[in-house]
Amino acid sequence: MTTDTTTPANPANPAKPDQAPADTLLEFPCAFPLKIMGRADDALAPAVLEIVRRHAPDFDGKTMVTRASSAGNYLSLTCTINATSKAQLDALYRELSGHPLIKVVL
């Protein structure tokens, strides 16, 4: 009988068998779109911009895409940031989700 002395395969990354599976499938840095939805309110876009810039200072606010719902009651904002880490995205999601004007963050 033979004993296998090779390092066990890492199913998340077979090229790196000795490392634990990654927490994310993203490779940083990368362009990462955030979709933020909330009630239509004049304060929503400036609040989102302030939060996004706090976590991604290089975000250009002119690239934020705003779209109103068909009835005009809700607003969808899309911000594509240059994501540098999972920790950055986690902190950004937490702060956006905790804002009273924001209903959903995808």
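Read left to right, the sequence shown gives residues 779 to 884 (the numbering used here). Yeah, the Cβ is synthetic: ideal placement off N, Cα and C, and Gly gets one too. Given the structure is predicted, the values throughout are model-derived calculations rather than measurements.
Supposed close pair residue i, residue j - CB separation, criterion 8 Å
i: Phe806; j: Ala861; result: 6 Å
i: Gly850; j: Ala818; result: 6 Å
i: Cys857; j: Val826; result: 7 Å
Three-way DSSP call (helix, strand, coil) for residue i in this model
i: Ser875; result: helix
i: Ala834; result: coil
i: Ala823; result: helix
i: Ala849; result: coil
i: Thr841; result: helix
i: Leu855; result: strand
i: Ala865; result: helix
i: Leu812; result: strand
Sequence-distant residues of its chain with Cβ nearer than 6 Å to residue i (five each side left out)
i: Asp801; result: Lys864
i: Leu867; result: Ala861
For residue j and residue i, the rounded distance between their alpha carbons
i: Asp820; j: Phe810; result: 25 Å
i: Leu884; j: Arg845; result: 15 Å
i: Pro828; j: Leu855; result: The residue asked about is misnamed: residue 828 is Glu in this sequence, not Pro. Distance between the alpha carbons of Glu828 and Leu855 is about 13 Å.
i: Arg872; j: Leu804; result: 19 Å
i: Leu836; j: Tyr852; result: Note that residue 836 is Asp in the sequence shown, not Leu. Their backbone Cα atoms lie some 27 Å apart in a straight line.
i: Ser847; j: Thr841; result: 19 Å
i: Ser875; j: Ile814; result: 9 Å
i: Arg832; j: Cys808; result: 18 Å
i: Val843; j: His877; result: 19 Å
Close beta carbons around residue i, own chain, < 7 Å, minus the five adjacent residues each side
i: Ile859; result: Phe810, Leu812, Val830, Ala834 and Phe837
i: Leu879; result: Gly816, Arg817, Asp819, Ala821, Leu822 and Ala825
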